[in-house]
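In the numbering used here, the protein residues as written are -9 to 238.
What follows is one structure encoded as structure tokens, with my remarks underneath.
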Ligand SMILES: Nc1ncnc2c1ncn2[C@@H]1O[C@H](COP(=O)(O)OP(=O)(O)OP(=O)(O)O)[C@@H](O)[C@H]1O
Ligand SMILES: [Mg+2]
């Protein structure tokens, strides 16, 4: 399954979820590839990689092979990104079939994995279009605020457009609420509002605000490795179980 994590609103927990869902799936014995497709490189930085790293831009430009660039860590394969990815993105515009560069790359290796998770930037960029063209499913993460919901509306529109022209089989898998505080009235109100007014399916699992989740990247680890007994680790493992069950 190729799953893109996308929401056109920034800072809604996409990268955090790619890392920790990936680590939880790997813990369950699944073969996982994480693809950092955001020139911010947040996912890569969270695993302790630096800007001088060979990254996915070299593979997209065919200067290096996938095997030369991929890194094995926490029982997963990780295809890192650096700022160089934004330079390569500009040159991608002049390539034929520019929307299919990531799809072509993943087609050649996807049989080696059970789950490929693509961490998108919030931009409606050619890179994000590549992610949605390569993916089977999209998952959106939201904070329980109206701006995340607005980002969700925007990504739904993008998905509809991609389905029409580039990737007919793309499906919306569900919305994951992250960093929530169920003691707060607003959190419950936003969930109820979205459920009542929109046709989005939510994952049964949601991820509460958890300091271990926020700390883990500064230790170069997922929360599953950094604090296995934390609520954050447990909730991401529940999410992994939910997705494995769906994928059966
Ligand atoms: N469950 C959580 N508990 C505490 N902090 C969290 C939780 N989930 C995410 N965060 C924090 O929220 C911030 C934004 O998360 P993240 O970087 O994953 O968002 P993003 O959607 O990838 O952002 P961008 O759109 O810039 O790529 C980070 O500082 C992260 O540590
Ligand atoms: Mg991110």
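Glycine included, every Cβ here is placed at the ideal spot set by N, Cα and C.
Would you decide whether residue i is buried or exposed? Buried here means 16 or more other CB atoms lie within 10 Å of its CB.
| i | result |
| --- | --- |
| residue 176 | exposed |
| residue 143 | exposed |
| residue 269 | As shown, the chain starts at -9 and ends at 238. That puts residue 269 outside it, with no answer to give. |
| residue 159 | exposed |
| residue 240 | Any question about residue 240 goes unanswered here, given that the chain covers just -9 to 238. |
| residue 212 | buried |
| residue 163 | buried |
| residue 60 | buried |
| residue 0 | exposed |
| residue 188 | exposed |
| residue 93 | buried |
Under 6 Å Cβ to Cβ from residue i, same chain only, skipping five residues before and after it: list those, please.
| i | result |
| --- | --- |
| residue 25 | 69 and 108 |
| residue 12 | 22, 24, 66 and 107 |
| residue 215 | 64 |
| residue 20 | 104 and 105 |
| residue 88 | 82 |
Going by the DSSP bridge assignment, what does residue i pair with across the sheet?
| i | result |
| --- | --- |
| residue 164 | 129 |
| residue 26 | 109 |
| residue 66 | 63 |
| residue -8 | 106 |
| residue 308 | Nothing can be reported for residue 308: it is not among the residues displayed for the chain, which extend from -9 to 238. |
| residue 170 | 198 |
| residue 192 | 165 |
Can you name, in chain order, every residue of its own chain whose Cβ lies under 8 Å from the Cβ of residue i, other than the five neighbours on each side?
| i | result |
| --- | --- |
| residue 145 | -4, -3, -2, 128 and 130 |
| residue 56 | 49, 69, 95, 98 and 99 |
| residue 185 | 192 |
| residue 16 | 22, 64, 65 and 66 |
| residue 54 | 44 and 48 |
| residue 220 | 200, 202, 203 and 213 |
| residue 137 | -1 |
| residue 35 | 207 |
Short check: CB of residue i to CB of residue j, under 8 Å?
| i | j | result |
| --- | --- | --- |
| residue 118 | residue 90 | no |
| residue 104 | residue -8 | no |
| residue 217 | residue 18 | no |
| residue 239 | residue 192 | Beyond the ends of the chain as shown, which are -9 and 238, falls residue 239; an answer cannot be given. |
| residue 32 | residue 5 | yes |
| residue 45 | residue 8 | no |
| residue 210 | residue 3 | no |
| residue 76 | residue 29 | yes |
| residue 116 | residue 151 | no |
| residue 132 | residue 139 | yes |
Identify, in the order they occur along the chain, each residue of the same chain with its Cβ nearer than 7 Å to the Cβ of residue i, setting aside the five sequence neighbours on each side.
| i | result |
| --- | --- |
| residue 134 | 167, 170, 176, 177, 180 and 181 |
| residue 225 | 195, 197 and 198 |
| residue 84 | none |
| residue 157 | 122 and 123 |
So with Cβ pairs under 8 Å, would you call residue i a contact of chain D?
| i | result |
| --- | --- |
| residue 144 | Protein chains in the displayed structure number just one, and chain D is not present. |
Output the residues surrounding ligand 1, defined as those with a CB atom closer than 5 Å to any ligand heavy atom, in chain order. 0, 1, 2, 3, 4, 5, 6, 112, 168, 169, 197, 199, 200, 203 and 204
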